């Protein structure tokens, strides 16, 4: 059977890799991925064929993986975090009808929401929304509508891609929308370089998050009306002690 | 240092355990958890002290873990999925001021949203909301408001705890709210026994999800306006091919 694994590496350099992901990498002849992730795992797989494509070449990367799998090689397409959350799993499925003999298997990884939450404390203990602030492929108006709806319904939010060179003020714009219905005192936090050297986190109120300088390697968390700070950590109660 | 690890086992019997979680379990003297999860891992840790409490005894379980850690033993509190998503991480933090010498470390696991998505295809490729339908600790009116807001803003939804003995019609009630703004043709899916023996999945339109009989071991996914079915799998495009 022709096989393409789409594998999540987790947020960091490998400590959050699952046993199933490690076994699939071991079983693969070729590992395909974005240049940065291939460099991260290069030393662990010295005997594998490694193929990389740069950022923005996602479609070419998935086509390459499907083509390689179609030759009979077992292929692993690696993604940071979880391939099923803003990763390559969807694009591989969308392209897969062109290579009908290749079987896809998605192997989940720890996404930045879960990895970052563990660093901050326990911000995602109740209903939450995950929103990417990147408007490369989503109209900003749609992102705004989602932020507004999530805030009005008192969801916790986790924001991916909160900033980039071209979108320096997007987190500020997002905070202004959230502040329409969330208190400025709402506990928030952000984590940079999750699971990597230089990992750091900050807990701060929503009013200050608006002024924070974050980069594209940062994941942002905004609490709900029950979120609190305990020992410097961001904690959203599930309700066990409150019922 | 007195240490309590709060560890995610992933959705199944162990194949999705991360390397970091495995190392923390190995480093622990005592493993504490809900009876069912302790039974799942009992054979893998024959030399560890294992302590369990039944369902609904979450507060007692977390207190026990903190008390044991305070005696100087290294303690692992295990949760299914991710301890930071409807797990025990928050409750441990809430109780932790009572045992100030105990340091908490949350080790993330694959939550059912990510584990189930990988089985179904790639439903969570775009902004999504995670909502628990359990009203044990959340007023049903708040759950309804969140479902309505998520549907109106065209989020993908992932529903935890979609049913129980006492709440047989909750998924139906949730679908009726989603149908106020989502098309009855919206691709949906559900996965039972993720990562365990008997794992199964179903892809079906929202109009039929309303009639589905699901149990508490099922995770439900509802697509956004772009979600489609490819080769029997539920796939939400990220937008790479559409831009």
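Residue numbers (my numbering), protein chains in the order written: chain X, 2 to 244; chain G, 2 to 244.
In this text, a Cβ means the ideal position worked out from N, Cα and C, and glycines have one as well.
Remember, predicted model here, so these are calculated numbers, not experimental data.
Expected contact under 8 Å - CB spacing of residue i and residue j to nearest Å
{"i": "residue 172 of chain G", "j": "residue 134 of chain G", "result": "7 Å"}
{"i": "residue 217 of chain X", "j": "residue 182 of chain X", "result": "27 Å between Cβ atoms; not a contact."}
{"i": "residue 130 of chain X", "j": "residue 220 of chain X", "result": "With 8 Å as the limit, residue 130 of chain X and residue 220 of chain X do not qualify as a contact, their Cβ atoms being about 14 Å apart."}
{"i": "residue 1 of chain X", "j": "residue 232 of chain G", "result": "One cannot answer for residue 1 of chain X here, as it falls past the ends of chain X, which runs 2 to 244."}
{"i": "residue 34 of chain G", "j": "residue 110 of chain G", "result": "Incorrect: roughly 12 Å between the Cβ atoms, too far for contact."}
{"i": "residue 138 of chain G", "j": "residue 94 of chain X", "result": "About 36 Å; that fails the 8 Å criterion."}
From the options, residue whose alpha carbon lies closest to that of residue i
{"i": "residue 30 of chain X", "options": "X:38, X:60, X:78, X:17", "result": "X:78"}
{"i": "residue 224 of chain X", "options": "X:237, X:215, X:101, X:118", "result": "X:237"}
{"i": "residue 145 of chain G", "options": "G:177, G:154, G:11", "result": "G:177"}
{"i": "residue 28 of chain X", "options": "X:38, X:39, X:4", "result": "X:4"}
{"i": "residue 92 of chain X", "options": "G:114, G:123, G:71, G:81", "result": "G:123"}
{"i": "residue 81 of chain X", "options": "X:103, X:105, X:36, X:73", "result": "X:36"}
{"i": "residue 213 of chain G", "options": "G:184, G:194, G:169, G:241", "result": "G:169"}
{"i": "residue 103 of chain X", "options": "X:89, X:203, X:69, X:196", "result": "X:69"}
{"i": "residue 90 of chain X", "options": "G:33, G:116, G:74", "result": "G:116"}
{"i": "residue 149 of chain G", "options": "G:175, G:244, G:72, G:136", "result": "G:175"}
{"i": "residue 45 of chain X", "options": "X:110, X:101, X:16", "result": "X:16"}
{"i": "residue 189 of chain X", "options": "X:161, X:229, X:167", "result": "X:229"}
{"i": "residue 252 of chain G", "options": "G:88, G:215, G:49, G:110", "result": "In the structure displayed, chain G extends from 2 to 244; residue 252 of chain G sits before or after that span and is not available."}
{"i": "residue 57 of chain G", "options": "G:88, G:76, G:67", "result": "G:88"}
{"i": "residue 187 of chain X", "options": "X:162, X:157, X:161", "result": "X:157"}
{"i": "residue 244 of chain X", "options": "G:243, G:60, G:75", "result": "G:60"}
{"i": "residue 49 of chain X", "options": "X:138, X:55, X:76", "result": "X:76"}
{"i": "residue 199 of chain X", "options": "X:47, X:62, X:106, X:120", "result": "X:120"}
{"i": "residue 114 of chain X", "options": "X:211, X:161, X:55", "result": "X:161"}
{"i": "residue 67 of chain X", "options": "X:55, X:41, X:151, X:105", "result": "X:105"}
Residues near residue i by beta carbon distance below 8 Å, same chain, minus five either side
{"i": "residue 108 of chain X", "result": "6, 7, 8, 9, 19, 21, 22, 25, 84"}
{"i": "residue 185 of chain X", "result": "206, 207, 208"}
{"i": "residue 201 of chain G", "result": "192, 193, 194"}
{"i": "residue 43 of chain G", "result": "51"}
{"i": "residue 147 of chain G", "result": "130, 132"}
{"i": "residue 313 of chain G", "result": "Residue 313 of chain G lies beyond the stretch modelled for chain G, which goes from 2 to 244, so this question has no answer here."}
{"i": "residue 118 of chain G", "result": "124, 125, 159, 222"}
{"i": "residue 55 of chain G", "result": "35, 36"}
{"i": "residue 41 of chain X", "result": "10, 14, 15"}
Cβ neighbours of residue i in the same chain (closer than 7 Å, five flanking residues each side left out)
{"i": "residue 239 of chain X", "result": "126, 127"}
{"i": "residue 64 of chain X", "result": "96"}
{"i": "residue 155 of chain X", "result": "225, 226"}
{"i": "residue 197 of chain G", "result": "13, 14"}
{"i": "residue 47 of chain G", "result": "none"}
For residue i: DSSP bridge partner residues
{"i": "residue 235 of chain X", "result": "X:122, X:230"}
{"i": "residue 159 of chain G", "result": "G:131, G:222"}
{"i": "residue 7 of chain G", "result": "G:78, G:107"}
{"i": "residue 50 of chain X", "result": "X:31"}
{"i": "residue 202 of chain G", "result": "G:192"}
{"i": "residue 19 of chain G", "result": "X:19"}
Proximal residues to residue i (C-beta, below 6 Å), its chain only, five neighbours per side dropped
{"i": "residue 86 of chain X", "result": "112"}
{"i": "residue 39 of chain X", "result": "51, 53"}
{"i": "residue 153 of chain G", "result": "182"}
{"i": "residue 234 of chain G", "result": "122"}
{"i": "residue 74 of chain X", "result": "30, 31"}
{"i": "residue 141 of chain X", "result": "none"}
{"i": "residue 211 of chain G", "result": "173, 176"}
{"i": "residue 151 of chain X", "result": "130, 158"}
{"i": "residue 62 of chain X", "result": "54"}
Proximity test, residue i beta-carbon vs the ligand NAD heavy atom, cut-off 6 Å
{"i": "residue 205 of chain G", "result": "Among the components of this structure there are no ligands whatsoever, and the ligand NAD is therefore not found."}
message: My parser needs the beta strand (DSSP E) runs of 3 or more residues fully inside the region 61-131 of chain X; what are they?
response: Entirely contained in the region 61-131 of chain X, the beta strand (DSSP E) runs reaching 3 residues are, in chain order, 76-80, 103-108.
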